[in-house]
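Peer 1:
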Amino acid sequence: MEPTRMKHQPFCIIKNLQVSFHGRTVLQKINLTLSDSGIVVLVGPSGSGKTTFLRTLNRLNEHYPGYSGSGKIELKLPGSMQDIQDIHSTDLEVTELRRQVGMVFQTPNVLPVSIAQNINLPLKLVTGLDKVEREARLIEVLQEVHLWDEVKDRLKESSSRLSGGQQQRLCLARVLALKPKVLLLDEPTASLDFKASHRIEDLLIELQDRYQIIAVSHSLRQARRIAGQILVMKEGEIEHLLKKEQFEDLEMLQKLLDEIF
Amino acid sequence: MNRLLNFGVYCWSWIATLGVFLVVGLLLSYLLAQGLPTIGKELFFGDAPAWEAIFGQVRVWDALWPACVGTLFLVLLATLLAVPIGISSGIYLACFAPKSFKRVLSLLVELLAGTPSIVMGLFGFAFILFLRNTFFPDANTSLLLAAACLALLILPYLIFTTQAALESLSDEYRLIGPSLGFSQIQTVFHVLLPAAGRGILSGVVLSIGRAAEDTAVIMLTGVIANAGLPQGLFGKFEALPFRIFYLAAEYQTPAELDSAYGTALVLLCLTGMLYGGALALHKTLELRWNQHG
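This is the structure:
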């Protein structure tokens, strides 16, 4: 288990971030310093750029047609703050960045292979661990996401036979197996029912001491439950960065959000 | 009105599906009725003793065996030449090609797909003439030339099906690889290609069928009626579709025409076996991807 990180230190500094697709601006004028004070939850109306913002942190936007971006993003990765957009940096290749900044998508997207292979394949390709180490890591992460007891007897079964909530936890385990420092979660409970959502939320609260988590959420209830800080976005800009004491009172938060939107 | 239309469409789909079954059923039963009685040792080996004929120790005259071996070699060789190039081109078009270049390339592949097979044969024939007049006076039409021309013919099927199978994968699925830190090559080979396997397999099956049945290409590039077993890559060969063609065109007795039906049946079975082989190969690869860490 990793030691608890230094609290309240900045882990993400963004300067003048601007992103557009096919010339249409999606993110603009983003200047932000995020500190290590629990889960960061992004809220805002659809189309406000939440997912795009998340994808700037692992440079996944570059896989979308028509992308262009400018600005500077520094993330605290092992060692020190590193400029993640510096493609000439030999210290941090984009594949290594994406290993350290793991991402879980809105709908569970397991590979159409066995449960074990979903975790084994990335481990084999990215980390180069041998078979024994991979098996140990597999058990470790499945326990970490509380899936081990449910799947330990059917690791060779197809992952598509798991329920939605189980698949999403498998996706999370797949990312955790690569030992990331930061976790990006794009509405991870959007396609799940209430019970499965609650389970994932509990899990995130549990994991927040070990990983820096940034999540997009569509529900204010969820945001308040898991967040250490809430980032409010509107029309591609950051409107507010709310600290815990600012959103503990639901009425105050609702009033604030009504003012913004 | 709407309900009537729905009912009409429903009925029409039923009739159309039934029609396909009927046509295929009729064809098959006619072929079986005419061809099955001729199937036997004599159809395959003529007067020659079977075991010696199979291993090429005695020459087989006026029978199927050399054509079976010829077609099998021809199809395997053509597929072996076309599959790596076709699938790689499909991967390039779907995953790597810049947009403008992709348009040009797709146009070229469409052009290739639209080329009649006789032109492909003519191209092979002209190529041999060119070689004879320039560097290799001894060059001649052969198994390798015919297979290469057939490979050109089936290349577009492989390219299109591979490209379509890869492009039909969802955006979210394509992002699994990159989001986990895979390189582009790793994503293509370990995530995208296996998921597109079924589509690619259908392209391979389609091209096997096309290579097995084509007569126009091989007529100009090396098939002859009585070549015996193929004598290496640069030798002449016999082939089942060509045998069907000349038996049907130049039969002397009704029995000869019947043996053409028998030959057609054998060609059908041989193609079926090759499909089976492709399917088994796909299953093995899929299983390996599924289970092995």
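Heads up: the protein sequence lines correspond to chains A and B, in order.
1 is the number of the first residue of the first sequence in my numbering; add one for each residue after it.
1001 is the number of the first residue of the second sequence in my numbering; add one for each residue after it.
Using N, Cα and C, we set each Cβ at its ideal position, and we do this for glycine too.
(1) Report the neighbours of residue 1172(B) on chain A: residues whose CB is nearer than 9 angstroms to its CB, in chain order.
(2) Tell me the DSSP bridge mates of residue 24(A)?
(3) Considering only the alpha carbon of each residue, which of 131(A), 157(A), 253(A), 133(A) lies closest to residue 113(A)?
(4) For residue 2(A), which residues of its own chain have a beta-carbon under 7 angstroms away from its beta-carbon, when the five flanking residues on both sides are left out?
(5) By Cβ distance below 6 angstroms, which residues in the same chain neighbour residue 76(A) in space, the five residues on each side in sequence not counted?
(6) So which of 27(A), 173(A), 186(A), 25(A) has the shortest CA-CA distance to residue 144(A)?
(7) Would you say residue 56(A) lies against chain B (beta-carbon separation less than 8 angstroms)?
(8) CA-CA distance, residue 4(A) and residue 151(A)?
(9) Of the residues 1255(B), 1014(B), 1215(B), 1002(B), which one's Cα is nearest the Cα of residue 1245(B)?
(10) Closest Cβ-Cβ distance between residue 1010(B) and chain A: below 8 angstroms?
(11) Please say whether residue 41(A) and residue 230(A) have beta carbons closer to each other than 8 angstroms?
(12) Hey, could you find the ends of the beta strand (DSSP E) residue 231(A) is sitting in?
(13) Apart from the five residues just before and just after residue 1177(B), which ones in its own chain have a Cβ nearer than 6 angstroms to its Cβ?
(14) For the candidate residues 28(A), 54(A), 182(A), whose alpha-carbon lies nearest to that of residue 96(A)?
(15) Within the same chain, show all residues whose beta-carbon is closer than 7 angstroms to that of residue 20(A), passing over the 5 residues directly before and after it, in chain order.
(16) Along the beta strand (DSSP E) that carries residue 209(A), what are the first and last residues, could you check?
(17) Using a Cβ-Cβ distance under 8 angstroms, would residue 1182(B) count as near chain A?
(18) Measure the Cβ-Cβ separation of residue 1065(B) and residue 1078(B) and say whether it is below 8 angstroms.
(19) Within 8 angstroms (strictly less), CB to CB, does residue 1188(B) reach chain C?
(20) Unbroken alpha helix (DSSP H) runs of length 4 or more, entirely within the stretch 33-98 of chain A: which are they?
(21) Which runs of the alpha helix (DSSP H), 4 residues or longer, sit entirely within the stretch 1056-1130 of chain B?
(22) Would the beta-carbon of residue 1167(B) be found less than 7 angstroms away from any heavy atom of the ligand SAM?
(23) For the candidate residues 16(A), 34(A), 28(A), whose alpha-carbon lies nearest to that of residue 228(A)?
(24) Starting from residue 1025(B), follow the beta strand (DSSP E) in both directions and report where the run begins and ends.
(25) Short of 7 angstroms in beta carbon distance, which residues of its chain neighbour residue 1167(B), apart from the five on each side in sequence? Order them along the chain.
(26) I believe residue 36(A) touches residue 212(A) by the beta-carbon criterion, under 8 angstroms. Please report the beta-carbon distance rounded to the nearest angstrom.
(27) Where do the ends of the alpha helix (DSSP H) carrying residue 1224(B) lie?
(28) So, residue 1208(B) versus residue 1075(B), is the Cβ gap smaller than 8 angstroms?
(29) Give the straight-line distance between the Cα atoms of residue 1022(B) and residue 1003(B), rounded to the nearest whole angstrom.
(30) Drop a sphere of 10 angstroms on the beta-carbon of residue 1273(B), count the other beta-carbons inside from all chains shown, and report buried for 16 or more, exposed for fewer.
(31) Would you mind telling me which residues of chain B sit closer than 7 angstroms to residue 96(A), beta carbon to beta carbon, in chain order?
(32) In chain order, which alpha helix (DSSP H) runs of at least 4 residues are fully inside the stretch 117-177 of chain A?
(33) Short of 7 angstroms Cβ to Cβ, which residues in the stretch 1145-1175 of chain B face chain A?
(34) According to DSSP, is residue 1290(B) helix, strand or coil?
(35) Measuring straight from C-alpha to C-alpha, what distance separates residue 1265(B) and residue 1205(B)?
(36) Can the beta-carbon of residue 1027(B) be found less than 8 angstroms from the beta-carbon of residue 1261(B)?
Peer 2: In short:
(1) Here the question's residue 1172(B) lines up with position 172 in the second sequence. Residues of chain A passing the Cβ test: 105, 106, 107, 109.
(2) Residue numbering aside, residue 24(A) sits at position 24 when the first sequence is read from its first letter. Answer by DSSP bridge pairing, in chain order: 21(A).
(3) The residue labelled residue 113(A) in the question sits at position 113 within the first sequence. That would be 157(A), whose Cα lies nearest to the Cα of residue 113(A).
(4) Within the first sequence, residue 2(A) is the residue found at index 2, counting from 1. Residue confidence is low: residue 2(A) scores 47 on pLDDT, short of 50, so the model does not pin down where it sits. No coordinate-derived value is stated.
(5) Mapped onto the first sequence, residue 76(A) falls at position 76. Same-chain partners within the cutoff: 11.
(6) On the first sequence, position 144 is the one that residue 144(A) refers to. Out of 27(A), 173(A), 186(A), 25(A), 173(A) has the C-alpha closest to the C-alpha of residue 144(A).
(7) Within the first sequence, numbered from 1, the residue matching residue 56(A) stands at position 56. No, residue 56(A) does not count as interfacial toward chain B.
(8) What you label residue 4(A) is simply residue 4 of the first sequence in a count that begins at 1. What you label residue 151(A) is simply residue 151 of the first sequence in a count that begins at 1. Any answer about residue 4(A) is weak, because its pLDDT of 49 lies below 50 and its placement is not dependable; what the coordinates show is given next. C-alpha separation (whole angstroms): 29 angstroms.
(9) Sequence index remark: in the second sequence, residue 1245(B) carries index 245 (1-based). The residue from 1255(B), 1014(B), 1215(B), 1002(B) with its alpha-carbon nearest to that of residue 1245(B) is 1215(B).
(10) Sequence index remark: in the second sequence, residue 1010(B) carries index 10 (1-based). Not closer than 8 angstroms to any Cβ of chain A, the Cβ of residue 1010(B) fails to qualify, so no.
(11) Translated into positions along the first sequence, residue 230(A) becomes position 230. Translated into positions along the first sequence, residue 41(A) becomes position 41. Taking 8 angstroms as the Cβ cut-off, residue 230(A) and residue 41(A) qualify as a contacting pair.
(12) Numbered from 1 along the first sequence, position 231 holds the residue referred to as residue 231(A). Unbroken beta strand (DSSP E) run through residue 231(A): 227-234.
(13) Numbered from 1 along the second sequence, position 177 holds the residue referred to as residue 1177(B). By the criterion of a C-beta distance shorter than 6 angstroms, residue 1177(B) is surrounded in its chain by 1187, 1191, once the five residues flanking it on both sides are discounted.
(14) As a first step, residue 96(A) is located in the first sequence; it is residue number 96 there, counting from the start. Comparing alpha-carbon positions, the option among 28(A), 54(A), 182(A) lying closest to residue 96(A) turns out to be 182(A).
(15) As a working mapping, residue 20(A) is identified with position 20 in the first sequence. 26, 68.
(16) Indexing the first sequence from 1 puts residue 209(A) at position 209. No beta strand (DSSP E) contains residue 209(A), which DSSP labels as neither H nor E.
(17) On the second sequence, position 182 is the one that residue 1182(B) refers to. For residue 1182(B), the answer is yes, since a Cβ of chain A falls inside 8 angstroms of its Cβ.
(18) Residue numbering aside, residue 1065(B) sits at position 65 when the second sequence is read from its first letter. Residue numbering aside, residue 1078(B) sits at position 78 when the second sequence is read from its first letter. In this structure, residue 1065(B) lies away from residue 1078(B), with their beta-carbon atoms at least 8 angstroms apart.
(19) Of the protein chains in this structure, namely A and B, none is chain C.
(20) Along the stretch 33-98 of chain A, the alpha helix (DSSP H) occurs as fully enclosed runs of 4 or more residues at 50-56, listed in sequence order.
(21) Segments of the alpha helix (DSSP H) lying fully in the stretch 1056-1130 of chain B: 1065-1091, 1099-1114.
(22) Inclusion of the ligand SAM in the displayed structure is not the case, the ligand content being empty and no account of it being possible.
(23) One-based indexing of the first sequence puts residue 228(A) at position 228. Looking at 16(A), 34(A), 28(A), the one whose alpha-carbon comes closest to that of residue 228(A) is 34(A).
(24) Locating residue 1025(B) in the second sequence gives position 25, where the first residue counts as 1. From DSSP, residue 1025(B) is part of no beta strand (DSSP E) but of the alpha helix (DSSP H) over 1002-1035.
(25) In the second sequence, counting from the first residue as 1, residue 1167(B) sits at position 167. 1094.
(26) Here residue 36(A) refers to the residue found at position 36 when the first sequence is read from its first residue. Here residue 212(A) refers to the residue found at position 212 when the first sequence is read from its first residue. That pair is a contact at about 6 angstroms.
(27) In the second sequence, counting from the first residue as 1, residue 1224(B) sits at position 224. Looking at the DSSP string, residue 1224(B) is not in any alpha helix (DSSP H), and its letter there is neither H nor E.
(28) As a working note, residue 1208(B) is residue 208 in the second sequence. As a working note, residue 1075(B) is residue 75 in the second sequence. Note that the C-beta distance between residue 1208(B) and residue 1075(B) is below 8 angstroms.
(29) To locate residue 1022(B), count along the second sequence from 1; it is residue 22. To locate residue 1003(B), count along the second sequence from 1; it is residue 3. When rounded, the distance between both Cα atoms is 28 angstroms.
(30) Mapped onto the second sequence, residue 1273(B) falls at position 273. Flag for residue 1273(B) reads exposed.
(31) The residue given as residue 96(A) occupies position 96 in the first sequence. Neighbourhood of residue 96(A) in chain B, by CB distance below 7 angstroms: 1181, in chain order.
(32) Taking 4 residues as the shortest admissible run, the stretch 117-177 of chain A contains the following complete alpha helix (DSSP H) segments, listed from N- to C-terminal end: 131-144, 148-151, 164-176.
(33) Of all residues in the stretch 1145-1175 of chain B, 1172, 1173, 1175 have a Cβ within less than 7 angstroms of some Cβ in chain A.
(34) Position 290 of the second sequence, counted from the start, is the residue given in the question as residue 1290(B). Looking at residue 1290(B) - three-state DSSP - the assignment turns out to be helix.
(35) To locate residue 1265(B), count along the second sequence from 1; it is residue 265. To locate residue 1205(B), count along the second sequence from 1; it is residue 205. Rounded to whole angstroms, residue 1265(B) to residue 1205(B) spans 18 angstroms at the Cα level.
(36) In the second sequence, residue 1027(B) corresponds to position 27, counting from 1. In the second sequence, residue 1261(B) corresponds to position 261, counting from 1. In this structure, residue 1261(B) does not lie closer than 8 angstroms to residue 1027(B) by Cβ.
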